Amino acid sequence: MSDFQQQKNVHYFPGHMAKALNALGPMVKGSDLIVEICDARAPFSTRNPMLSSLIGQKPHLLVLSKMDKADPLITQAWLETFAKQGLIAFTSDLKHEKVINVLLKMSVPLVEKKRAKEARLGMKKQPLRLLILGIPNVGKSTFINNLAGKKAARVANRPGVTRAEQWIKVSSDFILLDTPGILPMNYPTREEAVRLALLGSIKEEVLPIDDLALTLLEFLKVNYPSSLKERYGLEDIALLNEKEIYSAICQKRGYLLPGGAYDESKAAQSLIKDFQENALGKISLERP
Ligand SMILES: Nc1nc2c(ncn2[C@@H]2O[C@H](COP(=O)(O)OP(=O)(O)OP(=O)(O)O)[C@@H](O)[C@H]2O)c(=O)[nH]1
Ligand SMILES: [Mg+2]
Numbered sequence: 011m012s013d014f015q016q017q018k019n020v021h022y023f024p025g026h027m028a029k030a031l032n033a034l035g036p037m038v039k040g041s042d043l044i045v046e047i048c049d050a051r052a053p054f055s056t057r058n059p060m061l062s063s064l065i066g067q068k069p070h071l072l073v074l075s076k077m078d079k080a081d082p083l084i085t086q087a088w089l090e091t092f093a094k095q096g097l098i099a100f101t102s103d104l105k106h107e108k109v110i111n112v113l114l115k116m117s118v119p120l121v122e123k124k125r126a127k128e129a130r131l132g133m134k135k136q137p138l139r140l141l142i143l144g145i146p147n148v149g150k151s152t153f154i155n156n157l158a159g160k161k162a163a164r165v166a167n168r169p170g171v172t173r174a175e176q177w178i179k180v181s182s183d184f185i186l187l188d189t190p191g192i193l194p195m196n197y198p199t200r201e202e203a204v205r206l207a208l209l210g211s212i213k214e215e216v217l218p219i220d221d222l223a224l225t226l227l228e229f230l231k232v233n234y235p236s237s238l239k240e241r242y243g244l245e246d247i248a249l250l251n252e253k254e255i256y257s258a259i260c261q262k263r264g265y266l267l268p269g270g271a272y273d274e275s276k277a278a279q280s281l282i283k284d285f286q287e288n289a290l291g292k293i294s295l296e297r298p
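The opening position of the sequence shown corresponds to residue 11 in this note's numbering, with each subsequent residue numbered one higher.
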């Protein structure tokens, strides 16, 4: 068994996923609209395909977070793909854009039934109860803060949810569960696990950093050669193998070990950091 397989077994023991999903049942039950968040740079790996069976017929909206970090053309292609699947989705920079208006607009078709029922019963329009769901690090808390802001008023517990959880009144349209539901990760393949680690959803320590960087480098070489060229001042990237690219980075940056050999580990680390901080530009790791 490879190191990764062994680690995988530690982190993804059987039954874990079903248990984690089932635990979300009461939260789902108590809400009107599920807001699933995934990372726009890898909307496949950062979603859990089991979610749809958990939420059944509940209205469901998908947010592709970190728009500011993702390749805009690829994000657009993802949105079109989701639209074809009948899944309402939008993308956002949750750190800098207010989401309430887009949320309001997107939720209209999803809650027609609820609104029709209220009208039939002569009831006033009730605020929608939102539940935020997503795997680790996709932006769930940022989304909640974005909506609720600092002035968020806490409203009483509602039946069906754990006492520790509070509903926050956002506006006359929305109330929000203050704790997001953490979705378990799908059992990732090695390739998916690398992406999840690069995006911070799996602890980087789970995979050797040199492996992460090498996979990233191979990917960038094929998909974003000009970003590599520009960032590190490289020529004819197609003619260089990975080791030669590392050497070139070390040379440009002065990453040398005592004795003068190239410090490839340092080049690997800075490659990952550059990707994560968008020093290589807007990069998506998965296309539809
Ligand atoms: N650039 C950018 N950063 C974002 C965006 N959304 C979230 N982040 C950042 O991503 C990181 C994770 O965001 P959180 O809101 O803590 O994610 P979470 O899903 O609550 O994470 P856990 O609680 O660990 O599961 C933080 O550093 C956020 O600032 C976004 O749209 N754009
Ligand atoms: Mg959080």
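A virtual CB, placed ideally from N, CA and C, is assigned to each residue, including glycine.
Since we're looking at a predicted model, the values are computed, not measured.
Per DSSP, L72 lies in no alpha helix (DSSP H) segment; the continuous beta strand (DSSP E) that holds it begins and ends at 70-75. Scanning its chain for C-beta atoms nearer than 7 Å, with the 5 sequence neighbours on each side dropped, one finds around K262 the residues Y242, G243, in chain order. Between the alpha carbons of H26 and L193 lies a distance of about 11 Å. Y272 is bridged by DSSP to L266.
In the three-state DSSP reduction, G149 falls in the coil class, being neither helix nor strand.
The count of Cβ pairs closer than 8 Å, one atom from the segment 68-83 and one from the segment 221-229, stays below three, leaving the stretches out of contact.
Per DSSP, the continuous alpha helix (DSSP H) segment holding R130 begins and ends at 122-130.
DSSP links G144 through a beta bridge to I192.
In this structure, the beta-carbon distance from P137 to I185 falls below 7 Å. In this structure, the alpha-carbon of D42 lies about 16 Å from that of M133.
Restricting attention to R139, L206, N155, the CA atom closest to the CA of S182 is found in R139. Sorting F285, I259, Q86, L114 by C-alpha distance to the C-alpha of A277 places I259 at the top.
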